[in-house]
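Start counting the sequence shown at 65; every next residue gets the next number (the numbering used here).
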Amino acid sequence: MLIIITGNYNFFNLLTIALCISLVEDDFFKRHKVEKPSTIQTLFNKLFSLVVYGYLMYQTVMQFSLQVSYSPYFEIKSKIAFSKEEFSSWLEKVVPATIILGAVSLGYIILSSLFRCLAEEKGIWKLWSLMQCAVMGVLAVAMFSISLVPLSVIEKNTQQYVSPDLHRYRSYLKDYHLTNSYGLFRRMTGVGGRPEVIIEGSNSPDSGWKEYEFYYKPGNISRVPPIVAPHQPRLDWQMWFAALGSYQHNTWFVHLIYRLMTGQREVLELIQYNPFPNKPPKFIRAKLYHYHFTGQTKKDKWYSKKNWWVREEKSEYFPALEKDNSSLLDYLKRTGLVKNEKKEKRTLTWLGFCVDYIRQLIGQPEGFSFVMTITGTAVMANVFSLILK
């Protein structure tokens, strides 16, 4: 939830929450009366929870040197209070401990389930239950074992204790994605400035260039960064990845340039501001910039009163080309992105025809508003269904 609040990671964390919900015991969701715990047990549970959360909050404040400042504005300052060596040493102790804790917990659950089958079932059903429990136990142990491969990646000393056989078994099953490591962009990018590709068009290079403005990615330095989650703005997101490499490694980017040159309606609907609304430009190019957030005080390096960003031009990302450039067309045809000009006749089902007709009427809806409208409608429908029961 904290990552959702503090970052634009669209629906990634919602998917992770859904996975976590699947781990909750089934009894938690059952609406039946359970035996009320004693006063002492309730007091112990609350006290234990208070101690755990208090300790976590204390360590968070201490390890990240959190400080609250109210002058000249409200600000929470933080600074990492541990070294890389100290963090590595902590991981070296914690990762093996979590593996042992997981193995012991899993073993306890399997054994208790086997004993419960022996105690509660009778006759042939006892044998059937034992067989079911044994099969599920073997599968659980197998899943736990191969999950040690991605888990141990975070600590090198632990990694060397994981059996090569487990690496081999996991490689056999990798296409099924049974176990995976999880981390949102674990390697930080943009430390020296956020790289962004800016596309520009012109009818005459001597008369100047005009920028295309996207819906979500940084472009106009005075625009407030938008909130997008849980929407996934695919094109804007891909533009960020393109900025981390070159257009030679992002063939779709060349295709995007070509479609802007030809004035493709579906592509232009993904652009917030088209500087050439009447006719596509004769030339298009792209430049690479590094964006920095502006500071709020004059002591800050990137100080500005009116702008959210400052940017530095780094290099040419895509050279200026014309629509009818022969090398561009040959490249697109060779990669299969643009086929011969003969248009293939589309065959649509009745549902596809209806969707296509509605799309032509309303155009490309703004992603965040559309997603929030659908989500809000679903939530309200559930609320009313509960009220009417």
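Note that CB positions come from ideal geometry on N, CA and C, so glycine has one too. Note that this is a predicted model, so its numbers are computed, not measured.
Measure the Cβ-Cβ separation of Gly416 and His354 and say whether it is below 8 Å. Against a cut-off of 8 Å, the Cβ pair of His354 and Gly416 comes out as no contact.
Does the region 374-389 come into contact with the region 339-356, if we say contact requires no fewer than three beta-carbon pairs (one atom in each stretch) closer than 8 Å?
yes
What residues are listed by DSSP as bridge partners for Gln131? Lys141
**Report entry** Best match in Ile451, Ser211, Ser245 and Trp372 for proximity to Arg234 [C-alpha to C-alpha]
**Finding:** Ser211
Query - Local Cβ density within 10 Å of Pro345, reported as buried at 16 or more and exposed below that - result: By the neighbour-count rule (16 or more Cβ atoms within 10 Å), Pro345 is buried.
With the cut-off set at 8 Å, would you say Ser268 and Lys274 are in Cβ contact? no
- prompt: What are the boundary residues of the beta strand (DSSP E) that includes Gly265?
  reply: First-last of the beta strand (DSSP E) with Gly265: Arg258 to Ser266.
ask   = With a CB to CB cut of under 7 Å and the five nearest residues on each side skipped, what residues in its chain are close to Gly166?
value = Closer than 7 Å at Cβ, skipping near neighbours: Phe208.
* **Assumed close pair Asn74, Ile67 - CB separation to whole angstroms, cut-off 8 Å** => About 11 Å separates the two Cβ atoms, so there is no contact after all.
Contact under 8 Å by Cβ, Ser142 with Ser129
yes
*Which runs of the alpha helix (DSSP H), 4 residues or longer, sit entirely within the region 380-451?*
390-398 and 414-426
- Item | Cut-off 6 Å between Cβ atoms - residues of its own chain near Ala206, not counting five sequence neighbours on either side | none
message = Is there a Cβ of chain D sitting closer than 8 Å to that of Gln131, yes or no?
response = Any reference to chain D falls outside this structure, which holds one protein chain only.
Item checked: Selected residue, minimal CA-CA separation from Phe432, among His295, Ala145 and Ser169 -> His295
Assuming Tyr280 and Val288 form a contact by the criterion Cβ under 8 Å, report the distance between their Cβ atoms to the nearest whole angstrom. Actually they do not touch by this definition, with Cβ atoms about 12 Å apart.
- Can you list, in chain order, the residues of its chain whose CB lies under 7 Å from that of Lys110, leaving out five sequence neighbours each side? none
**Prompt:** Buried or exposed: which applies to Ile144, given that a residue is buried once 16 or more other Cβ atoms fall within 10 Å of its Cβ?
**Reply:** exposed
Open item on the list: For Gln223, report the span of its alpha helix (DSSP H) as first-last.
Closed with: Lys220 to Gln223
Note to self: Are the CB atoms of Ile285 and Trp462 within a distance shorter than 8 Å?
What the structure shows: As displayed, the chain neither begins before 65 nor continues past 453, which places residue 462 out of reach and without an answer.
*How many angstroms separate the CA atom of Tyr430 from the CA atom of Arg423?*
The question names Tyr, yet the displayed sequence has Glu at residue 430. Here the alpha carbons of Arg423 and Glu430 stand approximately 13 Å from one another.
Can you pull the DSSP bridge partners for Glu377?
-> Tyr353
| query | So who's on the other strand from Phe278, going by DSSP bridges? | reply | Ile335
Using a Cβ distance threshold of 8 Å, determine whether the region 215-225 contacts the region 150-170, with at least three qualifying pairs required. yes
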